[in-house]
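Protein chains in written order, with the working numbering: chain A, 12 to 222; chain B, 943 to 1399. Even glycine gets a Cβ: it sits at the ideal position worked out from N, Cα and C. Values in this document were obtained by computation on a predicted structure and should not be read as measured data.
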């Protein structure tokens, strides 16, 4: 069965509290062989406690599949990009290096690329992927566009990204503020800028505190 | 006084004051001070002054540190308490509970002492024997070098625990207890909502539910009366009766009602005085609602005073028990990380959680780190008047430059509570985990514990 077309995935990084529930739940998905496919990182722990969950964006035209010499990565009709197929994957790492979002991971013990498959065993029967089913702040949310519009009136979904000269459209949406001007997100735009963190000294301390 | 800019405090007040609704929640941080009760009263004063209580989307709550932190303290977990929010020192309360337990009020003991005072009395030789259940003070109590010294002095120490904890190693006899997954019953969470815990697996080997072990001990001591329950459900039935008529009244709560309503909120009395409507199927989801009845005000008003009115409590400023000085110039504050739970006796044994946060780190602001020549990842020693602890530094701007932070979930030489002070709040007896004075320096090299892995590593 395909994933019902009205159900979509929404990532809302501003809501992530870094609780790691998604990581644990992901590892427990029946199709993930005990591995977690989610990357949950601090944006810049030195300056902020902000964390960011990364799941597969499920591109319309997936770079990982395009660079695969063994044709091991398949995108199903409903737009879900699957993990590499074990009989075909030659563990060459092309997909790991090519993905604009840094999603595929090489499982060196199994010589197999594994990645987020949107918990295909679950989402294809209308269930939420494991991560979205446990995320307490719904930074990872799976539902209809109408639900999201109702629950998050101040944010809008964006699913177009710019990576160098490449324009990427994805099945997964990222929530951005309503008043954000851009209609796409430039993946590398902020790569060389310092992270904007919550600077304790900006608002907490009037004066220099001598330690 | 706080180090927080006046304009920031004004901005927060503006936000709070102009909001239509607000809910004030805090966790243990506000409470872990030698003036923790005053801190909490200050928070409650803000809620009362703005009238944001007893109506939808408004209120106040404190997030407890443990799964049943709320339920335990409602019904006699501390040795000055009786079920239903009753007091062991109150004559009427003693008489009621003694009658439920089929004994004379004089047979009930007088109030005991708090957890830390028990340790002090052991050290002084006034307490010779100890029975503890899943208590890990060697990790979780402040100044734990003193705790270790005291526990070594016990004539007889029995620990009931589900895993061999750092504290159980001091026991003469360790009885294998059970986890909540291996037993059933109820817990009460921060909303005052009673929820069911169901058994999913049998305890392995000779491990048994804690309540059965307690009953066996009572039998062995020749005092079986009152300890002959056949199931946790029977114990709950007694709790219903014992809490009846108290502030925290569970008498109308049954397992069926809890299961049918996704939990039941106390107070939920089985019978109410004439003219007072019985609570709905869910009990009392919101306290202090206008027009509500309670056993103290008896309809005079929504608050638990004879006139039904709330009280403001003045909270004059008191500093911490130990101020920083020239010798110990840095504030140490301790707390939690998301991957670990309490003293880590469970979570330090779970591989993926160990991977998330393998070891405690000393969080230090770059300004203080620069001054001390400490870089991110360097072995760093924090030393108080009570102990020292060498851990890797995490240089982050999310901590104040006059303060370092160490999470407390680890045992032995990784334990932050080697440094903390055993000062307590005079009312709640909560220890001052959040403030003590330390000095910080770059360590000469890795400590001995650097080569010792956690069980799952």
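Environment of residue i [buried if 16+ CB atoms lie within 10 Å]
i                       : result
residue 1213 of chain B : exposed
residue 1066 of chain B : exposed
residue 1286 of chain B : buried
residue 974 of chain B  : buried
residue 108 of chain A  : exposed
residue 961 of chain B  : exposed
residue 36 of chain A   : buried
residue 182 of chain A  : buried
residue 58 of chain A   : buried
residue 1235 of chain B : buried
residue 1153 of chain B : buried
residue 957 of chain B  : exposed
residue 1024 of chain B : buried
residue 1405 of chain B : Residue 1405 of chain B cannot be examined here, being either before or after the span of chain B that is shown, 943 to 1399.
residue 1303 of chain B : buried
residue 227 of chain A  : Here chain A comprises residues numbered 12 to 222, so residue 227 of chain A is not present and cannot be evaluated.
residue 1064 of chain B : buried
residue 1204 of chain B : exposed
residue 203 of chain A  : exposed
residue 1103 of chain B : buried
residue 1365 of chain B : buried
residue 121 of chain A  : exposed
residue 1369 of chain B : exposed
residue 1393 of chain B : exposed
residue 1168 of chain B : exposed
Alpha carbon of residue i to alpha carbon of residue j, nearest angstrom
i                       : j                       : result
residue 984 of chain B  : residue 950 of chain B  : 18 Å
residue 133 of chain A  : residue 140 of chain A  : 6 Å
residue 1262 of chain B : residue 1187 of chain B : 39 Å
residue 27 of chain A   : residue 1157 of chain B : 46 Å
residue 1097 of chain B : residue 1062 of chain B : 15 Å
residue 185 of chain A  : residue 1386 of chain B : 47 Å
residue 1010 of chain B : residue 1137 of chain B : 10 Å
residue 1207 of chain B : residue 1147 of chain B : 37 Å
residue 1166 of chain B : residue 1159 of chain B : 9 Å
residue 1317 of chain B : residue 1307 of chain B : 10 Å
residue 981 of chain B  : residue 1057 of chain B : 21 Å
residue 12 of chain A   : residue 1126 of chain B : 39 Å
residue 1215 of chain B : residue 1238 of chain B : 13 Å
residue 179 of chain A  : residue 198 of chain A  : 10 Å
residue 970 of chain B  : residue 1311 of chain B : 27 Å
residue 1232 of chain B : residue 1244 of chain B : 6 Å
residue 1278 of chain B : residue 1293 of chain B : 18 Å
residue 1323 of chain B : residue 1390 of chain B : 13 Å
residue 1183 of chain B : residue 1003 of chain B : 27 Å
residue 1139 of chain B : residue 1013 of chain B : 13 Å
residue 1033 of chain B : residue 1191 of chain B : 19 Å
residue 78 of chain A   : residue 95 of chain A   : 12 Å
Integer-rounded CB distance, given that residue j should sit under 8 Å from residue i
i                       : j                       : result
residue 1120 of chain B : residue 1078 of chain B : Contact doesn't hold; Cβ gap of about 16 Å is too wide.
residue 46 of chain A   : residue 118 of chain A  : 7 Å
residue 1272 of chain B : residue 1320 of chain B : Rounded, the Cβ-Cβ distance is 16 Å, inconsistent with contact.
residue 999 of chain B  : residue 1359 of chain B : Between residue 1359 of chain B and residue 999 of chain B the Cβ distance is about 38 Å, and since that is not below 8 Å, they are no contact.
residue 1380 of chain B : residue 1346 of chain B : 7 Å
residue 22 of chain A   : residue 150 of chain A  : 7 Å
residue 188 of chain A  : residue 160 of chain A  : The Cβ separation is near 14 Å, so there is no contact.
residue 60 of chain A   : residue 29 of chain A   : 7 Å
residue 1017 of chain B : residue 1193 of chain B : So it is not a contact: roughly 13 Å between Cβ atoms.
residue 18 of chain A   : residue 137 of chain A  : 7 Å
Per DSSP, cross-strand counterpart(s) of residue i
i                       : result
residue 1072 of chain B : B/1099
residue 197 of chain A  : A/173
residue 912 of chain B  : The question about residue 912 of chain B has no answer, for chain B in this structure spans 943 to 1399.
residue 1378 of chain B : B/1274
residue 22 of chain A   : A/151, A/185
residue 966 of chain B  : B/1002
residue 179 of chain A  : A/172
residue 1306 of chain B : B/1337
residue 160 of chain A  : For residue 160 of chain A, which the question treats as bridged, DSSP gives no partner whatsoever.
residue 1347 of chain B : B/1275, B/1305
residue 125 of chain A  : A/116
(message) Just to confirm the assignment: which complete beta strand (DSSP E) runs, minimum length 3, are found wholly within the region 43–116 of chain A?
(response) 50–53, 62–65
(message) Please give the ranges of any alpha helix (DSSP H) in the region 1196–1246 of chain B, keeping only runs that are unbroken, at least 4 residues long and fully inside the region.
(response) 1197–1202
(message) Please give the ranges of any alpha helix (DSSP H) in the region 973–1036 of chain B, keeping only runs that are unbroken, at least 4 residues long and fully inside the region.
(response) 978–991, 1011–1016
(message) Please give the ranges of any beta strand (DSSP E) in the region 1085–1119 of chain B, keeping only runs that are unbroken, at least 3 residues long and fully inside the region.
(response) Qualifying beta strand (DSSP E) stretches, in chain order: 1098–1103, 1115–1118.
(message) Give the list of continuous alpha helix (DSSP H) stretches no shorter than 4 residues that lie fully inside the region 1034–1060 of chain B.
(response) none
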